[in-house]
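**Q** Residues in the sequence shown are numbered consecutively from 154, following my numbering.
The C-beta atom is built at its ideal place from N, Cα and C for all residues, glycine as well.
Values in this document were obtained by computation on a predicted structure and should not be read as measured data.
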Amino acid sequence: MALDPRSARLFWLILTWIAIGLGAVGAFLPLMPTTVFLLIALWTGSKASPRFRYRLFRHPRYGPALRDWHRHGVISNPARWTAAGAMALSVFVLWMAGASPSVLIAVGACLLLVAAWIFSRPSRVGNNEDE
């Protein structure tokens, strides 16, 4: 059963604001990602409103990174290292909290795969090699 256009727009807007809220939390908490939620907000927001997508792309702080990712699949080196540091910090916090070795291994392996994928992406526009 398909949603009518008005209901679909409302659905996408709700998802967009949830993602923006989680991204805002991630800007202040080291264990929450910001960029991932902003990418989700970009995707859902563009389905709800082209104007919203335009505003995200023009945001002074996040706009350039979102545009580079959207157009070229680029993840800058500072963003890569921030992500890697946040992932390492997450495993460290789990270890300090007394997580079982099986949880540490599973989470560590997943985050290592994510880090490998992040570092496999180009680091700047027009260059497929890392700096």
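#1: Under 8 Å, with one C-beta from each stretch per pair, do the stretch 213-227 and the stretch 189-198 reach the 3-pair mark?
#2: Out of ALA177, PHE245 and ALA250, state which residue places its alpha-carbon closest to the alpha-carbon of ARG214.
#3: Expressed to the nearest angstrom, what Euclidean distance is found between the alpha-carbon atoms of ARG206 and SER199?
#4: List the endpoints of the continuous alpha helix (DSSP H) containing ALA232.
#5: Can you check which of these residues, SER273, ALA155, ARG204 and ILE173, is closest to PHE285 by C-alpha distance?
#6: Which residues bound the alpha helix (DSSP H) around ASP221?
#7: Can you tell me where the alpha helix (DSSP H) holding GLY198 begins and where it ends?
#8: What residues in its chain sit with their C-beta under 7 Å from that of GLY179, if we drop five residues either side in the sequence?
**A** On the basis of the data shown:
#1: yes
#2: ALA177
#3: Rounded to whole angstroms, the separation of the alpha carbons of SER199 and ARG206 is 5 Å.
#4: 230-249
#5: Because the chain is modelled from 154 through 284, residue 285 falls outside the range shown and cannot be assessed.
#6: 216-225
#7: 188-201
#8: MET185, PRO186, THR187 and PHE190
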